[in-house]
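Those sequence lines, one after another, are chains A and B. Quick note: the first sequence uses the working numbering, first residue 1, plus one each step. Quick note: the second sequence uses the working numbering, first residue 439, plus one each step.
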Amino acid sequence: MKRSIPALTAGALVLALAACSGGGGDDDPTDAGGGADDGGYEGQTLTVWIMEGTNPDATGYFDGVAQEFTARTGAELDVQFQPWDGAHDKFVTSIAGGTGPDVAEVGTTWTAEFAELGVLADLTASIEGAGLDGDLVEGLAEAGTYDGALYGMPWYAGVRSIIYNKDLFEAAGIAGPPTNWEELTAAVEALKASDPEVIPFPIPGDSQYSLYPFVWGAGGEIATESDGTWTAALDSPEAIEGLEYYTGLALEHGSSTAAADTWNEADALAAFEQGNVGMIIAGNWTVGRIAQDAPDLMESIGAFPIPSRDGGPAGSFLGGSHLGVWSDSDQQDLAWEFVELMSTGQAAADWSEQTGYFPGQASALAEIAADEDPLVAPFAQQMLEAGRSVPLTPAFGQIQGAKTVEAMVQNVLTGRMSVEDAAAEAVAAMNETFSAGS
Amino acid sequence: MSSTSTARVAPIVPRGPAPDAHRRRATRRRAARPWLLLAPTLVVLAVLLLWPLARVVNLSFQDYGLRELVSGESNYVGWANYAEILGDSYLWTVVLPNTVGFAVCCVVLTVVLGTLVALFLNILGTFWKTVCSTAIMVAWAVPAVTGTYVWIWLFDPLNGLVASALAAIGVIEPGTVNWYTDRLGFYAIATLNVVHHGFPFVAVTVLAGLLTVPKELYEAATMDGAGAWRRFWRITAPMLKPVFAVVTILSTIWDFKVFAQIYLMPGGNGGNAEVFNLGVWSYIQSFAQGKYGLGSAIAVLLTGLLLVITVVYMRTLFKEEDL
Numbered sequence: 001m002k003r004s005i006p007a008l009t010a011g012a013l014v015l016a017l018a019a020c021s022g023g024g025g026d027d028d029p030t031d032a033g034g035g036a037d038d039g040g041y042e043g044q045t046l047t048v049w050i051m052e053g054t055n056p057d058a059t060g061y062f063d064g065v066a067q068e069f070t071a072r073t074g075a076e077l078d079v080q081f082q083p084w085d086g087a088h089d090k091f092v093t094s095i096a097g098g099t100g101p102d103v104a105e106v107g108t109t110w111t112a113e114f115a116e117l118g119v120l121a122d123l124t125a126s127i128e129g130a131g132l133d134g135d136l137v138e139g140l141a142e143a144g145t146y147d148g149a150l151y152g153m154p155w156y157a158g159v160r161s162i163i164y165n166k167d168l169f170e171a172a173g174i175a176g177p178p179t180n181w182e183e184l185t186a187a188v189e190a191l192k193a194s195d196p197e198v199i200p201f202p203i204p205g206d207s208q209y210s211l212y213p214f215v216w217g218a219g220g221e222i223a224t225e226s227d228g229t230w231t232a233a234l235d236s237p238e239a240i241e242g243l244e245y246y247t248g249l250a251l252e253h254g255s256s257t258a259a260a261d262t263w264n265e266a267d268a269l270a271a272f273e274q275g276n277v278g279m280i281i282a283g284n285w286t287v288g289r290i291a292q293d294a295p296d297l298m299e300s301i302g303a304f305p306i307p308s309r310d311g312g313p314a315g316s317f318l319g320g321s322h323l324g325v326w327s328d329s330d331q332q333d334l335a336w337e338f339v340e341l342m343s344t345g346q347a348a349a350d351w352s353e354q355t356g357y358f359p360g361q362a363s364a365l366a367e368i369a370a371d372e373d374p375l376v377a378p379f380a381q382q383m384l385e386a387g388r389s390v391p392l393t394p395a396f397g398q399i400q401g402a403k404t405v406e407a408m409v410q411n412v413l414t415g416r417m418s419v420e421d422a423a424a425e426a427v428a429a430m431n432e433t434f435s436a437g438s
Numbered sequence: 439m440s441s442t443s444t445a446r447v448a449p450i451v452p453r454g455p456a457p458d459a460h461r462r463r464a465t466r467r468r469a470a471r472p473w474l475l476l477a478p479t480l481v482v483l484a485v486l487l488l489w490p491l492a493r494v495v496n497l498s499f500q501d502y503g504l505r506e507l508v509s510g511e512s513n514y515v516g517w518a519n520y521a522e523i524l525g526d527s528y529l530w531t532v533v534l535p536n537t538v539g540f541a542v543c544c545v546v547l548t549v550v551l552g553t554l555v556a557l558f559l560n561i562l563g564t565f566w567k568t569v570c571s572t573a574i575m576v577a578w579a580v581p582a583v584t585g586t587y588v589w590i591w592l593f594d595p596l597n598g599l600v601a602s603a604l605a606a607i608g609v610i611e612p613g614t615v616n617w618y619t620d621r622l623g624f625y626a627i628a629t630l631n632v633v634h635h636g637f638p639f640v641a642v643t644v645l646a647g648l649l650t651v652p653k654e655l656y657e658a659a660t661m662d663g664a665g666a667w668r669r670f671w672r673i674t675a676p677m678l679k680p681v682f683a684v685v686t687i688l689s690t691i692w693d694f695k696v697f698a699q700i701y702l703m704p705g706g707n708g709g710n711a712e713v714f715n716l717g718v719w720s721y722i723q724s725f726a727q728g729k730y731g732l733g734s735a736i737a738v739l740l741t742g743l744l745l746v747i748t749v750v751y752m753r754t755l756f757k758e759e760d761l
């Protein structure tokens, strides 16, 4: 255990520093916002970790934010970009080594896990103090809550719907976007019949979030909670029906290709961009990506909500990012200044416009949803009417790490297992993780 | 100080009053000298190798998760991690066969191909030898990650070169076959990747060995009527035994602990549990699942396995007196 001594020393040092600055009265989270407009943080530097790749022009955006931040507080901003790949590992190692930032972008599914570990600071008082608590997007606020307190400030959100190729739909004589499963199946078969070269609706084996809308859309659940204990529910009749329908599209209706058995969402998107894929499940943020990669295709793409079995939008994972303040940062107030600057007003609006993600403030989201943009409105509808979150327990992070759900889908797609067997295996693995505790 | 005093002591030994004592002290100093000179290296090795190793072994006896990582507390559970791994049929039916089978194929293919290439390079003139060596060195210089992506693209089931070529001659229809979902197909591609990346090292090392074999031996053997096959087994192989030992052992170690080449392939990062090897399994348990203790136990198992293989191999290859 000698290795933890430097970490402990660093931690103690940070605590000591925090205690010192606390003497000045600016370490009290409840007095956040007090020094907002008169600066008073000259000479300080706030270190921030932001995920790479969300904003195509992140450097330009954060140059602007840094200027605004310095104008407001007098402090400097040091933004460090982190790749999503391996970000969780990096967070964990920095936690162990005491080398974390002051503020970090935290994926919504990690917030509860880090909050439980005591890595993130409780932001409830700051958020209430700034009067923001009534205006947060519900699904994001829910995911940022641990034990009744908010540890993640909703920053931006995204949701998956279906993006389709209007030219191919027209050529196949499909009247309009499918609104239930029956129409979806009919659309797949029409696309297949019109041109055998077309992949109507690839079923990517390495994507859990493409499956969930069909589980939820049939009335199933991933897992259910009672008295704090989670139980996997992917073997319920409803979930089985969803899984059967979803994989059946590939296995019985030829909607997919064997190549897709190992695709993730990025692979499916890349195939869609080549122009002979009918429709894919894709996030609202991918629209900007298509505009960049395949500008010629933009003319012919449309979007519609993923339908549930009997019509209406199916539940779809509402993902995104929180801004979290690290509990061992000695600049808690300054950190909150930054979080507030980023998640409200012009900075938030610019971010949302540049990235294609939805803002974390409910009022701002409602404004966007009222917009009639055909590549925005279906996503907004799916998010507002059917945005869902995955089980909010750190154990689910482990299940995602183990790719249990993806393995289940792949086992069915490749014919290794029946739907029932694959679901039973996944449920057993999930329950083992749930019962082991986090 | 030790070096000057020993230098002065040595000549006066025979004339001294107590030669034995002097000699003993001198011997001790002489014995200590190499260790003194080695000390910096040993310290670096201890920091870089021994400490992490000890740490992994220590972790393997703990139920160590994120919580322990953050708090820095220990949580010893004795042999529980080892019991869990060794009692898991998954180890015996999937992970171990994958690791061992893959490594054996890769080592054999790498050493055979590398040796053949070395023999080929050896008969070339200086110019072509340089050209060909450079060409194969490129394969070695390509980072494992880049090389792996190239192979993944080559075997892409929909648009890859191999799928297109097979489709052109009418063997398959593109998109209907996915090699990555099949355990054998997956490892066949991984083997190509690893052998392609590993053979240049063998070729260059064996070539260096070949250059030290006296030409007269071959000439004499040819005079006696020995063919190329016989010359190789009677002259080259025995002369280069130490070289082969080194490349085989190194290849074995490398191919047993292959990680990136498997992890990066479709399905290798968790989606397809049929294709895990010990390295990937250890990584998934540690970092994806936060079970650092269990992951460490798997890593210790891998290390132990390699140690046993190396020792057994050295023993059978060299008789006691050779070592």
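Backbone N, C-alpha and C define an ideal beta-carbon position, used for all residues, glycine too.
**Close-in-space but distant-in-sequence residues of the same chain around A:I368 (CB under 8 Å, 5 per side omitted)** = For A:I368, the CB contacts under 8 Å within the same chain, skipping 5 residues up- and downstream, are S352, F358, P359, V376, A380 in chain order.
**Item:** Beta-carbon separation (whole angstroms), A:V106 vs A:F114, contact threshold 8 Å
**Value:** Indeed, because the Cβ distance is near 6 Å, the residues count as touching under 8 Å.
**Prompt:** Would the C-beta of B:V746 count as close to the ligand ADP, meaning under 7 Å from any of its heavy atoms?
**Reply:** The ligand ADP is absent from the structure shown, which contains no ligand whatsoever.
**Request:** Please look up how many angstroms separate the CB atoms of B:T619 and B:G705, rounded, as I've assumed it's under 8 Å.
**Result:** The pair is a contact, with the Cβ atoms about 7 Å apart (cut-off 8 Å).
**Message:** My output table needs one value for A:A36: the three-state DSSP class, helix, strand or coil.
**Reply:** Legend: pLDDT at A:A36 = 43, less than 50; position of this residue unreliable, value from coordinates given subsequently. A:A36 falls in the coil class under three-state DSSP.
**Request:** Could you tell me whether any Cβ in chain B is nearer than 8 Å to the Cβ of A:G118?
**Result:** Answer yes: the Cβ-Cβ gap between A:G118 and chain B drops below 8 Å somewhere.
**Asked** With a CB to CB cut of under 6 Å and the five nearest residues on each side skipped, what residues in its chain are close to A:Q66?
**Response** According to the sequence shown, residue 66 of chain A is Ala rather than Gln. Scanning its chain for C-beta atoms nearer than 6 Å, with the 5 sequence neighbours on each side dropped, one finds around A:A66 the residues L77, in chain order.
**Item:** Beta-carbon proximity of A:A386 to A:P313, cut-off 8 Å
**Value:** Yes, the Cβ-Cβ distance between A:A386 and A:P313 is below 8 Å.
**Prompt:** Within 8 Å (strictly less), CB to CB, does B:P535 reach chain A?
**Reply:** Not a single C-beta of chain A is nearer than 8 Å to the C-beta of B:P535.
**Request:** Check whether the Cβ of A:V419 lies closer than 8 Å to any Cβ atom in chain B.
**Result:** Using a CB distance cut-off of 8 Å, A:V419 does not count as an interface residue toward chain B.
**Message:** Tell me the rounded alpha-carbon separation between A:S435 and A:G228.
**Reply:** The straight-line gap from Cα to Cα measures roughly 11 Å.
**Message:** Within a Cβ cutoff of 6 Å, which residues of the same chain sit near B:L474, ignoring the five residues on either side of it in sequence?
**Reply:** There are no such residues.
**Prompt:** Taking a cut of 7 Å between CB atoms, which residues from the stretch 82-104 of chain A lie near chain B?
**Reply:** Answer in chain order: D89, V92, I95, A96.
**Item:** Boundaries of the alpha helix (DSSP H) in which B:S720 is found, first to last residue
**Value:** Annotation: the continuous alpha helix (DSSP H) that includes B:S720 extends over 716-721.
**Item:** Close beta carbons around B:T537, own chain, < 7 Å, minus the five adjacent residues each side
**Value:** The residues are F694, N715, L716.
**Message:** On a Cα-Cα basis, can you pick out the residue from B:I627, B:H460, B:L596 that is closest to B:V713?
**Reply:** Checked all of B:I627, B:H460, B:L596; the closest Cα to B:V713 is B:I627.
**Asked** Nearest-angstrom Cα distance between A:E244 and A:Q80?
**Response** The straight-line gap separating the alpha-carbon atoms of A:E244 and A:Q80 is approximately 44 Å.
**Item:** Validate contact between the stretch 724-741 of chain B and the stretch 399-417 of chain A using beta carbons, cut 8 Å, 3 pairs
**Value:** Under the three-pair Cβ rule at 8 Å, the stretch 724-741 of chain B counts as touching the stretch 399-417 of chain A.
**Asked** Alpha carbon to alpha carbon, what distance is there between A:V409 and A:D293?
**Response** Taking the straight line from one Cα to the other gives about 29 Å.
**Message:** Going by DSSP in three states, A:E420 sits in which element: helix, strand or coil?
**Reply:** For A:E420, the three-state secondary structure derived from DSSP is helix.
**Item:** Best match in A:A282, A:L136, A:Y61 for proximity to A:T52 [C-alpha to C-alpha]
**Value:** Before going on, a small fix: residue 52 of chain A reads as Glu here, not Thr. Ranking the options by Cα distance to A:E52, first place goes to A:Y61.
**For A:H253: DSSP bridge partner residues** = DSSP output for A:H253 lists no bridge partner at all.
**Asked** Should B:V494 and B:S734 be called a contact, given that it needs their Cβ atoms to be closer than 8 Å?
**Response** Closer than 8 Å, so yes.
**Request:** Over the uninterrupted beta strand (DSSP E) stretch that includes B:L678, give me the two end residues.
**Result:** Premise fails: B:L678 is in no beta strand (DSSP E) and is neither H nor E.
**Prompt:** In chain order, which continuous runs of the alpha helix (DSSP H) of length 4 or greater are located wholly inside the stretch 385-436 of chain A?
**Reply:** Runs of the alpha helix (DSSP H) lying entirely within the stretch 385-436 of chain A and spanning at least 4 residues, in chain order: 394-401, 404-413, 419-435.
**Request:** Determine the burial state of A:L249: buried for a count of at least 16 other Cβ atoms within 10 Å of its Cβ, exposed for fewer.
**Result:** A residue is called buried when at least 16 other Cβ atoms come within 10 angstroms of its Cβ; A:L249 meets this threshold and is buried.
**Item:** Integer-rounded CB distance, given that A:L297 should sit under 8 Å from A:E273
**Value:** Yes, they are in contact, since the Cβ atoms of A:E273 and A:L297 sit about 6 Å apart, within 8 Å.
**Request:** Spell out whether any CB of chain B is found under 8 Å from the CB atom of A:E52.
**Result:** No, no contact with chain B.
**Request:** Express the C-alpha separation of B:L562 and B:A659 in angstroms, rounding to a whole number.
**Result:** Distance between the alpha carbons of B:A659 and B:L562: 21 Å.
**Message:** Please report the straight-line C-alpha distance between A:W84 and A:G97, rounded to a whole angstrom.
**Reply:** In a straight line, the C-alpha of A:W84 is about 20 Å away from that of A:G97.
**Message:** Tell me which residues share the same chain as A:A149 and place their Cβ nearer than 6 Å to its Cβ, disregarding the 5 neighbours each side in the sequence.
**Reply:** D122, T124.
**Prompt:** If you compare alpha carbons, which of B:G623, B:M703, B:L743, B:G742 is closest to B:W591?
**Reply:** It is B:M703.
**Cβ separation of A:Q331 and A:Q44, assumed to be a contact under 8 Å, to the nearest whole Å** = Indeed, because the Cβ distance is near 6 Å, the residues count as touching under 8 Å.
**Prompt:** Going by other Cβ atoms of all chains shown within 10 Å of its Cβ, with 16 needed for buried, is B:A469 buried or exposed?
**Reply:** Label assigned to B:A469: exposed.
**Request:** Measure the alpha-carbon distance for B:T614 versus B:W489 and round it to whole angstroms.
**Result:** Straight through space, the alpha carbons of B:W489 and B:T614 are spaced by roughly 50 Å.
**Message:** Given a cut-off of 8 Å on the beta-carbon distance, is the pair A:T393 and A:W216 in contact?
**Reply:** Their beta carbons are not under 8 Å apart, which means A:T393 does not touch A:W216 by this criterion.
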